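Report on the following structure.
Protein chains: 2
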Amino acid sequence: MISEAEAVVMEVLWRSAPRSAEEILAEVGQAQQWQEGTVKSLLNRLLKKKAVKAERDGRRYLYSPLLAREKYVHQTSKSLLDRLFEGRVAPLVAHFSEQRKLSKKDIAELRQLLEELDDEQP
Amino acid sequence: MISEAEAVVMEVLWRSAPRSAEEILAEVGQAQQWQEGTVKSLLNRLLKKKAVKAERDGRRYLYSPLLAREKYVHQTSKSLLDRLFEGRVAPLVAHFSEQRKLSKKDIAELRQLLEELDDEQP
DNA sequence: GATTTATGTTTACACGCGTAAACGATTGGC
DNA sequence: GCCAATCGTTTACGCGTGTAAACATAAATC
Numbered sequence: 000m001i002s003e004a005e006a007v008v009m010e011v012l013w014r015s016a017p018r019s020a021e022e023i024l025a026e027v028g029q030a031q032q033w034q035e036g037t038v039k040s041l042l043n044r045l046l047k048k049k050a051v052k053a054e055r056d057g058r059r060y061l062y063s064p065l066l067a068r069e070k071y072v073h074q075t076s077k078s079l080l081d082r083l084f085e086g087r088v089a090p091l092v093a094h095f096s097e098q099r100k101l102s103k104k105d106i107a108e109l110r111q112l113l114e115e116l117d118d119e120q121p
Numbered sequence: 000m001i002s003e004a005e006a007v008v009m010e011v012l013w014r015s016a017p018r019s020a021e022e023i024l025a026e027v028g029q030a031q032q033w034q035e036g037t038v039k040s041l042l043n044r045l046l047k048k049k050a051v052k053a054e055r056d057g058r059r060y061l062y063s064p065l066l067a068r069e070k071y072v073h074q075t076s077k078s079l080l081d082r083l084f085e086g087r088v089a090p091l092v093a094h095f096s097e098q099r100k101l102s103k104k105d106i107a108e109l110r111q112l113l114e115e116l117d118d119e120q121p
């Protein structure tokens, strides 16, 4: 599985790829306070894990994701649901509801979602 | 923060406490294939992190949670939401919905939840 | 009282991660 | 052709984790 720092790099590539190491650093350097070497290392680990691929572009490489964000998000979330909420979504929502941590926007979107589910397969 | 293996021990204590190391092992040994020493180590790390407390009971200790499950669940889930879903619940539910990973039960419970929210503060 | 038994405490060790420095190779400029 | 800049690759190092063996200690038994 892919680590948290690695995921930061992936997020950049998921937003737009292919990208060079330099570009990735540029996009993430401020927020993360990373040096160049750090990004290089992370990219190499991601290569080893087959989460990204690299194609030569002159003297440098351009990196693209092989692992789809959808898949990563799903694995990660499912693992959390399994560990904390018996593998189901509703208990998680209930938890946030009890903690008063549902925004208006959340509630509106959830309503919308459920309506759409109604219309789906009758 | 508390690690995944440590959380397994916590779950036992959250279900019922106080418990001895032996009892914890008994409850978790099958599933985890852990030796006694492993549980002892995890308990000591949890003590150091102030996630559990120990009270003497004759020759042994009985352990109880200091960290509330609610709190742990919240920290862990919020961190995931922040990293993957802009910090909000609805996008997570949408994700599982798109993946057709909402059970009937989930959907029913979500509906219920939203109805209850209606009734709350008018 | 000496030995075994039951507990807890200390130490260990390999592995992944976050973070980077050092090294190497290729290329562009003079 | 040599030097400097630009990339990528290798190596490093401390820290947390998963997993446990080794050690210490106190109580129970013979």
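Those protein sequence lines, which keep their order, are chains A and B.
Start counting the first sequence at 0; every next residue gets the next number (numbering that gives the first Met the number 0).
Start counting the second sequence at 0; every next residue gets the next number (numbering that gives the first Met the number 0).
Using N, Cα and C, we set each Cβ at its ideal position, and we do this for glycine too.
Here the structure is a predicted model, which means the values were calculated and not measured.
Figure out for me which residue from the options has the closest Cα to the Cα of residue i.
i	options	result
B:Leu125	A:Val72, A:Phe84, A:Glu85	The requested residue 125 of chain B is not part of the displayed model; chain B covers only 0 to 121.
A:Asp117	B:Leu101, B:Val38, B:Tyr60	B:Leu101
A:Gly86	B:Asp105, B:Leu83, B:Trp33	B:Asp105
A:Ser2	A:Pro17, A:Ser76, A:Arg44	A:Arg44
B:Met0	B:Glu97, B:Leu83, B:Gln74, B:Leu113	B:Gln74
B:Glu124	A:Asp56, A:Ala93, A:Ser15	Outside the shown range of chain B, which is 0 to 121, sits residue 124 of chain B, and nothing can be said about it.
B:Leu83	A:Gln98, A:Lys70, A:Thr37, A:Lys103	A:Lys70
B:Glu21	B:Glu119, B:Gln98, B:Lys103, B:Arg59	B:Arg59
A:Val27	A:Val11, A:Glu119, A:Gly36, A:Lys39	A:Val11
A:Val38	A:Ile23, A:Arg55, A:Glu119	A:Ile23
B:Lys48	B:Lys103, B:Arg99, B:Glu119, B:Met9	B:Met9
B:Val51	B:Gln98, B:Ala16, B:Lys103	B:Ala16
Please state the DSSP three-state secondary structure of residue i.
i	result
A:Leu65	coil
A:Arg18	strand
B:Arg87	coil
B:Leu41	helix
A:Met9	helix
B:Arg110	helix
A:Gln74	helix
A:Lys103	helix
A:Ile1	coil
B:Gln32	coil
A:Glu26	helix
A:Lys47	helix
B:Glu119	coil
Could you check if residue i is buried or exposed, using at least 16 other CB atoms within 10 Å of its CB as the buried criterion?
i	result
B:Ala6	buried
B:Ala25	exposed
B:Ala89	buried
B:Ala18	Here residue 18 of chain B turns out to be Arg, not Ala, going by the sequence shown. That one is buried.
A:Ala107	exposed
A:Ile67	Contrary to the premise, residue 67 of chain A reads as Ala rather than Ile in this sequence. Answer is exposed; the Cβ neighbour count stays below 16.
B:Ala30	exposed
Per DSSP, residue i is paired with what?
i	result
A:Glu54	A:Leu61
With a cut-off of 8 Å on the beta carbons, I'd call residue i and residue j a contact; round off their distance for me.
i	j	result
B:Trp13	B:Pro64	6 Å
B:Leu61	B:Ala53	7 Å
B:Ser96	A:Leu91	Not really, about 13 Å apart at Cβ, beyond 8 Å.
B:Leu113	A:Arg110	6 Å
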